[in-house]
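Novice:
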Amino acid sequence: MSENLEQTPNVNPRSEVAETIETTAPNNSENNPSAQPSEPAAAPATEPAVDPMNDPRFEAPRAQRFPTWGDMLAVIGIYLLATVGTSIVVAIIAAISGGAESLAEKMSSGPMSVLSYALSMGLTIVGVLIYRKLRRGTGRVFHFSLRGFNPMLILWGFVMVLLTGVVIEPVLELFPDAFLKMIDKMGMHGGWSILMLVVLAPVMEEVLFRGILLESVRSKHSAGRAIVVSALMFGVIHLIPQQVVNAFAIGLILGYIYVRTESLWPVIVIHALNNAMAYVIMQWSDGANITVRSLIENNTLYAVVYGVSLVALVASGYMVWRSIEKINAGSPRA
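Quick note on our numbering: the sequence shown kicks off at 720 and runs consecutively.
(1) Is Asn1018 helix, strand or coil by DSSP?
(2) Between the alpha carbons of Val886 and Ile812, how many angstroms are there, rounded?
(3) CA-CA distance, Arg937 and Leu848?
(4) In this structure, how does DSSP classify Met828 when only helix, strand and coil are distinguished?
(5) Go through its chain and collect everything with a Cβ distance to Ile1015's Cβ below 8 Å, but skip five positions before and after it.
(6) Hey, could you find the ends of the alpha helix (DSSP H) Val926 is sitting in?
(7) From the DSSP output, in three-state form, read off Ile959 for me.
(8) Would a C-beta distance cut-off of 9 Å place Val971 and Val947 closer than the cut-off?
(9) Identify whether Thr787 lies in helix, strand or coil by the three-state DSSP scheme.
(10) Where does Ile972 fall in DSSP's three states?
(11) Could you tell me whether the Cβ atoms of Thr1058 and Ala968 are closer together than 9 Å?
(12) What do you get for Ser832, buried or exposed, if any count of 16 or more other CB atoms within 10 angstroms of its CB means buried?
(13) Going by C-alpha distance, which of Val845, Tyr975, Lys852 and Asn869 is nearest Arg944?
(14) How big is the Cα-Cα spacing for Asn869 and Ala1048?
(15) Could you tell me the distance, in whole angstroms, from the CA atom of Glu924 to the CA atom of Met840?
(16) Locate the alpha helix (DSSP H) running through Ile987, then write down its first and last residues.
(17) Given a threshold of 16 other Cβ atoms within 10 Å of its Cβ, counted over all protein chains shown, does Pro965 qualify as buried or as exposed?
(18) Under 9 Å between the Cβ atoms of Leu983 and Arg929?
(19) Closer than 7 Å by C-beta to Ser1028: which residues in its own chain qualify, once you throw out the five before and the five after it? Chain order, please.
(20) Could you tell me the alpha carbon to alpha carbon distance between Met879 and Ile1000, rounded to whole angstroms?
(21) Taking the straight line between their C-alpha atoms, what separation do you get for Asn993 and Trp911?
(22) Helix or strand or just coil, what does DSSP make of Phe967?
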């Protein structure tokens, strides 16, 4: 018994409890204000104002950004709104200008037609760019590069466009001629018409449809889809069924050339040449609708001419492709 007691350490229970309390008790100097000098509380940090247009938390999903099909309808709406608004402005200008002509004659005059077209297309381009910005459209727009300004490419592209008009003639004949008479009533105004058809229209329409819409669609989808969508929109704004089909077909060609060359210059020149040819034909025919079918009454001869035109269309398409390949091989993309 005595040995066991000697080996057992003398433990004071009260001292163990005191040590435990000292170990587990919080530091009073940290919680007691009187134990340390007081410091003024720091003012809460103010966060900078949030800009929803640049804050990634407000970023729309990529699939919902410009351009969706709803956006394409909005583009058509912008175009129609700009056209109607411009017509009202031009009508007011014509009404206060005086003169013996009627209001309709003044509005259809050369200067007023050019003014109306330039304003409507200009407002449409600006409106679409603003709308595209608000809808967070991505990618570049209307790229100009001299590398695409190749005479052989422009020549074969123009030939391809002309032959396309011949090949799609059977489709155009399915629509009534009443729609084409609407074009005849618009009239031609010499130099003013040349300015509008050969200068303004090619530049402004290519900037809008190839430079803005095609590039915007290509930033989200394939180049093929971008070409088709831009050509479809190009056709729709022409309103008259025959022109819708023709413009869609031409838009496919121009879209392909633009995508392969990365330049608006060749498509603008081809567009201008095509409009110039259409103007010459309308002047020569006194506004009548001249087609290859109307010039060739013999069915057999027409079939031969149509077949040759189809083969020539394929050949010109090959020459366009070959010209682009030479351009791309000879100079880097800008």
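Glycine included, C-beta positions come from ideal geometry on N, C-alpha and C.
Here the structure is a predicted model, which is why all the values come from computation and not from measurement.
Specialist: In short:
(1) As a working mapping, residue 1018 is identified with position 299 in the sequence shown. The answer is helix: DSSP assigns Asn1018 an H, G or I state.
(2) Here residue 886 refers to the residue found at position 167 when the sequence shown is read from its first residue. Here residue 812 refers to the residue found at position 93 when the sequence shown is read from its first residue. About 43 Å.
(3) Looking up residue 937 in the sequence shown gives position 218. Looking up residue 848 in the sequence shown gives position 129. Approximately 16 Å, taken between the alpha carbons.
(4) Taking the first residue of the sequence shown as position 1, residue 828 is located at position 109. Reading off the sequence shown, one finds Ser at residue 828, where the question assumed Met. Residue state, collapsed to three classes: coil.
(5) Here residue 1015 is taken as the residue at index 296 of the sequence shown, counted from 1. Taken in chain order, the residues that qualify are Tyr1021 and Val1024.
(6) The residue given as residue 926 occupies position 207 in the sequence shown. Element bounds for Val926: n/a, residue is neither H nor E.
(7) For the purposes of this step, residue 959 is taken as residue 240 along the sequence shown, with counting starting at 1. Ile959 falls in the coil class under three-state DSSP.
(8) The residue labelled residue 971 in the question sits at position 252 within the sequence shown. The residue labelled residue 947 in the question sits at position 228 within the sequence shown. Just to set this straight, residue 971 is Leu in the shown sequence, not Val. Yes, these two residues count as a Cβ contact at 9 Å.
(9) Along the sequence shown, one-based indexing puts residue 787 at 68. Thr787: coil per DSSP, three-state reduction.
(10) Along the sequence shown, one-based indexing puts residue 972 at 253. If DSSP states are grouped into helix, strand and coil, Ile972 belongs with the helices.
(11) The structure shown has nothing for residue 1058, since the chain only spans 720 to 1053.
(12) To locate residue 832, count along the sequence shown from 1; it is residue 113. Counting Cβ neighbours within 10 Å, Ser832 comes out buried, since at least 16 surround it.
(13) For the purposes of this step, residue 944 is taken as the residue at position 225 of the sequence shown. Closest option to Arg944, Cα to Cα, is Tyr975.
(14) Here the question's residue 869 lines up with position 150 in the sequence shown. Here the question's residue 1048 lines up with position 329 in the sequence shown. Rounded to the nearest angstrom, the two C-alpha atoms are 13 Å apart.
(15) Residue 924 sits at position 205 when you count from the first residue of the sequence shown. Residue 840 sits at position 121 when you count from the first residue of the sequence shown. So the two alpha carbons sit approximately 8 Å from each other.
(16) Start at 1 with the first residue of the sequence shown, and residue 987 comes out as number 268. From DSSP, the alpha helix (DSSP H) with Ile987 extends over Trp984 to Trp1003.
(17) Translated into the one-based positions of the sequence shown, residue 965 becomes position 246. Before going further, note that residue 965 is Asn rather than Pro in the sequence given. Asn965 should be labelled buried.
(18) Locating residue 983 in the sequence shown gives position 264, counting from the first residue. Locating residue 929 in the sequence shown gives position 210, counting from the first residue. Yes, they are a contact pair.
(19) Walking along the sequence shown from the start, residue 1028 turns up at place 309. Closer than 7 Å at Cβ, skipping near neighbours: Leu882, Val885 and Val886.
(20) In the sequence shown, counting from the first residue as 1, residue 879 sits at position 160. In the sequence shown, counting from the first residue as 1, residue 1000 sits at position 281. Rounded to whole angstroms, Met879 to Ile1000 spans 18 Å at the Cα level.
(21) Against the sequence shown, residue 993 aligns to sequence position 274. Against the sequence shown, residue 911 aligns to sequence position 192. The straight-line gap from Cα to Cα measures roughly 17 Å.
(22) For the purposes of this step, residue 967 is taken as residue 248 along the sequence shown, with counting starting at 1. It is helical.
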